[in-house]
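Notes follow the structure.
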Amino acid sequence: MGLGRSRAHGECGRGDRRWKERNGGRLGARTSGTFGRVERRERLSVPENERVGTSSPSLEEWVADCRSRQARIVFTNGCFDILHAGHIFLLRQARSHGDVLVVGLNSDESVRKNKGPSRPINSAEDRKCILEALRFVDRVEIFEERTPLNLIRRIRPDVLVKGADYRKEEIVGAREVEGWGGKVVRGKLLPGRSTTDMLQAASENRTDRASENGKRSERVVAVIPARFASKRFPGKMLAPLGGKPLIRVVAENVKRMGFFDDVIVAVDDEKIAKAAKEAGVKVCMTRDDLPSGTDRIASALRGTDASIVVNVQGDEPFLKREAVEKVIEELRKDSRADMGTLAERLEDEELARNPNITKVVMDEKGFALYFSRVPIPYRRDREAPRPRVYYKHVGLYVFRRSVLEEFSRWKVGRLEREEKLEQLRFLEQGKRIKVVVCEETGALGIDLPEDLARAEKEMKKENE
């Protein structure tokens, strides 16, 4: 829903009163290059009783009118969930590149898709109201998609502005804007100002206060093991996905989930470490001779006070927040479980026979009985009704800290050596793994170069 609707119900916003004054030559008036200053003076001079109940032009009408007056249109976008000095700094810069500034604003559902179910803090209408109050913002358009690409195509701005934390090839719409002769600008940032950091600081303050009262909650830390060597896909952590190294995409997705007290990438290679740091997460250098990713996680956790540890595989870029949250909650609820993991229904016989897809079988209470690269259970009765349901194991693990510390002391057992599946080490030691079955986990698993091609298609589909 954009700005182009009636405000007859007293909604917040200017109602594009410049449209109302258009016949007086006010919208887009250019007097000695003072378009912005003239318009801002008029905006501030409108009586309060004219700000509500006026009718706004449609986006297309508004853009056409700007074009007729040769106004240079600037576009930027964001969630603007908690407006802060960094936003103001960037918006003011953006406005300086043209005559009018249009802000694309993620709808509530769009924010949830990008930031997780706990966001936004403020509704789209409230966020829009605040943005419209800024003198250097001329119009706010809410968009429902995950990205503003369709909105950019409708507006065809002369200038597209995003923060310098984005590389040019990562900016949505950059190719389109340059294609019609426009300009792409990477605006300067105020260091240390971000909504995510503000929410994290607030969360830490609450945790500190709870700790002082003896009520400190469990610390949940995500660790992403990432090594350079890979027999099937060497160097895959640095393979580009959407213009970024795979490990950075994974780390950014985990960070966006928003409920972790810390996100750590455990690496054995400086190049991977550099790529992970670009996601704004902690990086821990570990030995390159550790036998498994879980050993790497145990090594990275030394010196931390995590009580619940979430192992996200470095080749899972689209894992869904809701699925991860379900496993954490299940582990908290069931004291019998030493750790938790994820699974999806699998009805494709050919995929079930794929050794790169791990299968799992559970008992009636949801505890894992065995994991294998071959189809389990074995289908002896070939005449059994189809489709046969298997369960595909998703490489996410949620550990109690004490169990993870034990793991590093256990020797690799026969089953783990045979199947090359480290989760079997837990079963061989008599530990109980709770399996949570979800319809949509977002799991993709990039094991081969062709998997990366599938991931590229998935990313493009999500961004459309």
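Here the sequence shown is numbered in this note's numbering, starting from 63 and rising by one per residue.
Cβ coordinates follow ideal geometry from the N, Cα and C atoms, glycine included.
Since the structure is predicted, the reported quantities are computational estimates derived from the model, not experimental observations.
Below 8 Å on the Cβ atoms is my contact criterion, and I expect residue i with residue j to pass it. Report the Cβ-Cβ distance as a whole number of Å.
| i | j | result |
| --- | --- | --- |
| L363 | V498 | At roughly 23 Å, the Cβ-Cβ gap does not stay under 8 Å, so L363 and V498 are not in contact. |
| V312 | G376 | 6 Å |
| R462 | D367 | Their Cβ separation, rounded to whole angstroms, is 14 Å, which puts R462 and D367 out of contact at 8 Å. |
| V136 | L163 | 5 Å |
| D143 | R189 | 7 Å |
| L408 | Y440 | Contact flag wrong, Cβ pair sits at about 15 Å. |
| V234 | P210 | 6 Å |
| L167 | E203 | 7 Å |
| L252 | A147 | 6 Å |
| G402 | K496 | 5 Å |
Is the beta carbon of residue i sitting closer than 8 Å to the one on residue j?
| i | j | result |
| --- | --- | --- |
| V247 | V223 | yes |
| L506 | P379 | yes |
| V221 | R134 | yes |
| A337 | I309 | yes |
| V456 | E406 | yes |
| R349 | D323 | no |
| A301 | L466 | no |
| S169 | E206 | yes |
| G13 | L381 | Examination of residue 13 is not possible in this model, given that the chain is present from 63 through 526 alone. |
| R208 | L121 | no |
| V474 | V389 | no |
| I326 | K344 | yes |
| G320 | G492 | no |
| L479 | R398 | Rather than Leu, the amino acid found at residue 479 in this sequence is Arg. It is not a contact, given that the beta carbons lie outside the stated cut-off. |
Could you check if residue i is buried or exposed, using at least 16 other CB atoms within 10 Å of its CB as the buried criterion?
| i | result |
| --- | --- |
| V436 | exposed |
| G249 | buried |
| G383 | The question names Gly, yet the displayed sequence has Arg at residue 383. Per the 10 Å Cβ criterion, buried. |
| P307 | buried |
| V451 | exposed |
| A272 | Low local confidence applies: a pLDDT of 47 at A272 is under 50, so the model's placement there is unreliable, with the coordinate-based value given in what follows. Classification for A272: exposed. |
| D330 | buried |
| S434 | buried |
| S185 | exposed |
| A414 | buried |
| P182 | buried |
| D410 | exposed |
| A195 | exposed |
| P119 | buried |
| G365 | exposed |
| P511 | exposed |
| A515 | exposed |
| D425 | exposed |
| A517 | buried |
| D530 | Limits of the chain in this structure are 63 at one end and 526 at the other, which puts residue 530 out of reach. |
| L486 | buried |
| L193 | buried |
| S130 | exposed |
Taking residue i as the reference, give the member of the options with the closest Cα.
| i | options | result |
| --- | --- | --- |
| L458 | V165, G305, E484 and D443 | E484 |
| P287 | L251, V316, R281 and G304 | V316 |
| Y228 | E240, E340 and V199 | E340 |
| F151 | P119, N168 and A226 | A226 |
| D357 | R471, L381, R237 and R516 | R471 |
| S464 | R479, E478 and F488 | F488 |
| L393 | G428, E412 and M424 | G428 |
| D509 | D396, F295 and R237 | F295 |
| L477 | E468, E490 and F469 | E490 |
| N212 | L431, A236, I192 and E231 | A236 |
| R174 | R318, I334 and F198 | R318 |
| K293 | K482, R398 and K519 | K482 |
| F290 | L352, E314 and E240 | L352 |
| F198 | I334, V374 and A156 | A156 |
| E501 | A430, L193, V386 and L431 | V386 |
| W242 | C346, I214 and K333 | I214 |
| V165 | C191, E171 and N176 | C191 |
| F469 | G355, K245 and L431 | G355 |
| S369 | K333, V285 and E232 | V285 |
| N176 | E314, D443 and L145 | E314 |
| S158 | S172, T138 and K230 | T138 |
Next item on the list: Scan the stretch 414-439 and note each continuous beta strand (DSSP E) run of 3 residues or more that stays entirely inside, going in chain order.
Entry: Taking only runs of at least 3 residues, the beta strand (DSSP E) segments lying wholly in the stretch 414-439 are 421-424 and 430-434.
Next item on the list: Could you tell me which uninterrupted alpha helix (DSSP H) segments, each at least 4 residues in length, are contained entirely in the stretch 264-344, listed from first to last along the chain?
Entry: DSSP assignment within the stretch 264-344 yields the following whole alpha helix (DSSP H) runs of 4 residues or more, N-terminal first: 308-319 and 332-339.
Check: Which runs of the beta strand (DSSP E) spanning at least 3 residues fall entirely within the stretch 121-195, listed in chain order?
Finding: You should have 135-140 and 162-168.
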